[in-house]
Each structure stands twice: as structure tokens, then as C-alpha cells.
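Following: one structure in C-alpha cells, then a few remarks.
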């Protein structure tokens, strides 16, 4: 608005000099502009807000217009919890190939790890398992049941997921943990919090379990948010546990506490871990190495090292990096 006022003054003075505008009228115009400048500025700002709201509404409309994935009939419920990918191929567009002819089985109650470079297709594999999308070819089975035959609510109950980035609701710690099981008592929540190594820091807060965590959990540290996420996963007690870089960005103290919590979470579960930290998966029953959407190596830690392939090279690089100093 200051620029507009300056422009009016310059043009007004010029017109006064030319004789086409009186000094009194120029003064009146300047006073009117000064009087309503704040309101005009707010109006301009509001118009920008309206534009942003329209963009947001269009995105929401596009999202709501997406048709849910169809549930094939008859509906079925798996009794076992092994996971099998059969000739699965997938791309986010018709021209792209994110996963190509994936064939792998994760046995029930086994620990499985997926490693590979960023963008190789690791997370896409997990998204297909949770049926965020359907593959263009092949099928995915849990306990011998095609996941397309499992109703969405029942399928969701089969998974507990812990991501690297944890976003909490602007609510109490108690309610954030209870999301996994809304009927849980406070005693049940406290029990899983102890198992997840977060009971101690929660009780140290002024309001304990009723402490508001702030938007996306901003009042808590990354390690604290991660442990609450693990407590939630323990409370859900799903038969299949997915850990997506759950300890990737944590300091050593938090990593130890969270690793202990994860060890409690995964007992007697079918576990799938996505990680870049190879030292954390050396005891895995099966390790998959994915590159450009394909499984290029598969086996245990020791067998993959003996093969002297891509996994061995990744392992050696990480071992050498431990000795780097700045």
C-alpha cells in the first residue's frame, strides 16, 4: 500500500502541475487512501487466502473422487500370517516400472529385512502389501488368502506399522496410544508404554499421560514420538509388524531404548523391516536386496556376505564408515 500511496502522490502532483487536478482534491484522495489502506490491504490478502482455499478444496475433491479398491468376493479371513508375493509387478504410471516380477515368501513368525538404495522399490513393496494400491500383475497372499478378498478393515487389523517419521495428533499421550485400541484402559496403556520404554519420560511430565503433545507431536522429541508409536503398535497386537526405517535418524541413546522396545514388539510376529542400517538385521531369517524394482539377492546375512555381491559391498562400506572421523 505504501507503493500505491507513493504512486498516487507522484501522479497527483503531476496533474496538479498540469492544472488538471486541484490541490484540495489531491489531498482528499490521499486522506481517503490513508484511511482505507489497511482495509484494502486486508482485502487483497483475503483474496489470496481465497485462492489458496480453492486450490485446497480442489485437491480434497480430487481425493474424495478416488474410487476405493474393490473387494473381491467371496470375502475371506486368513488363519495363518505368512506373506507371499507371486509374480508381482507394479508401476505408479503406465509408463513406469517400480517393481518387476517379485516372487518372495515371508514365513510366519520370521524376521525379514529389505535393503537397497533409495528409490529401489522397498517402500512400494510394503504399500502393496497393505493394499494402498493393487499390482498390475501378480497377486499378494496372507496365509494363502489373496488380500483382494480381505475387507479393508480386516486387512488393516493385520498390520502394526512403525515409520521413521512419526506424526501424532494434537491430543493427549493417552489418546494417541489408544488410537490402536480405543477400548483400552489406562492400565493397558501404561503396560504397553512400559514395554516401549516411554513410561518413565511420560510420568516425568507435569500432566503425565494426559499431557497434550501439540500439533504432530511438536512438544516431544523425535525419540519420544517414536517410542509412543511403538507403544501404539504393541497395543494393537497385530500379527504382522512392519518397521520402515524406524531407527534411522536417532541418536545412540534413543536407538538403544527403541531397539529394546522393538524387540518386545516383534515377539511371535511376522516381521518385515526396511532399513539402511545393516548391523541391525544381521540376525534376520531372510534378507532381500532390491535394486531398480527387482530382487537381486536373497538369503541370510552370512550367506549374502559369502556371495561377495551387492549386500557384501554395502556391508563393507558401512563397516568402513564407522571409522570415519571429522
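In the UniProt record's numbering, the protein residues as written are 1 to 326.
Even for Gly, the Cβ is constructed at its ideal location relative to N, Cα and C.
{"query": "Taking the alpha-carbon positions, what's the residue 34 to residue 170 distance?", "result": "42 Å"}
{"query": "Can you tell me whether residue 103 is helix, strand or coil according to DSSP?", "result": "strand"}
{"query": "Hey, residue 96 and residue 135 are a contact pair by Cβ (cut 8 Å); roughly how many whole angstroms apart?", "result": "About 13 Å; that fails the 8 Å criterion."}
{"query": "Determine the direct distance from the alpha carbon of residue 118 to that of residue 313, and round the result to whole angstroms.", "result": "16 Å"}
{"query": "Using a threshold of 9 Å, state whether the C-beta atoms of residue 161 and residue 242 are closer than that.", "result": "yes"}
{"query": "Give the C-beta separation of residue 104 and residue 288 to the nearest angstrom, bearing in mind that I take them to be a contact with Cβ-Cβ under 8 Å.", "result": "6 Å"}
{"query": "Should residue 141 and residue 225 be called a contact, given that it needs their Cβ atoms to be closer than 9 Å?", "result": "no"}
{"query": "Using three-state DSSP, classify residue 66 as helix, strand or coil.", "result": "coil"}
{"query": "I'd like to know if residue 89 contacts chain B, where contact means its C-beta is closer than 9 Å to some C-beta of that chain.", "result": "Protein chains in the displayed structure number just one, and chain B is not present."}
{"query": "For residue 297, count neighbouring Cβ atoms within 10 angstroms of its own Cβ and tell me buried if that reaches 16, exposed if not.", "result": "buried"}
{"query": "Distance, Cα to Cα, residue 13 vs residue 26?", "result": "8 Å"}
{"query": "Spell out a yes or no on whether the region 107-126 and the region 45-59 are touching, meaning 3 or more CB-CB pairs, one atom from each, closer than 8 Å.", "result": "no"}
{"query": "Based on DSSP bridge pairs, tell me the residues matched to residue 212.", "result": "172"}
{"query": "Considering Cα atoms alone, identify which of 193, 21, 167, 244 is closest to residue 220.", "result": "167"}
{"query": "Are the CB atoms of residue 174 and residue 189 nearer to each other than 9 Å?", "result": "yes"}
{"query": "Would residue 269 and residue 239 be called neighbours here (beta carbons separated by less than 9 Å)?", "result": "yes"}
{"query": "Could you round the C-beta distance between residue 291 and residue 120 to whole angstroms and report it? I think they count as a contact, below 8 Å.", "result": "5 Å"}
{"query": "The beta strand (DSSP E) with residue 271 in it runs from where to where?", "result": "270-274"}
{"query": "Could you tell me which residues DSSP puts in a beta bridge with residue 131?", "result": "Paired residue(s): none; residue 131 is not in a bridge."}
{"query": "For residue 63, count neighbouring Cβ atoms within 10 angstroms of its own Cβ and tell me buried if that reaches 16, exposed if not.", "result": "exposed"}
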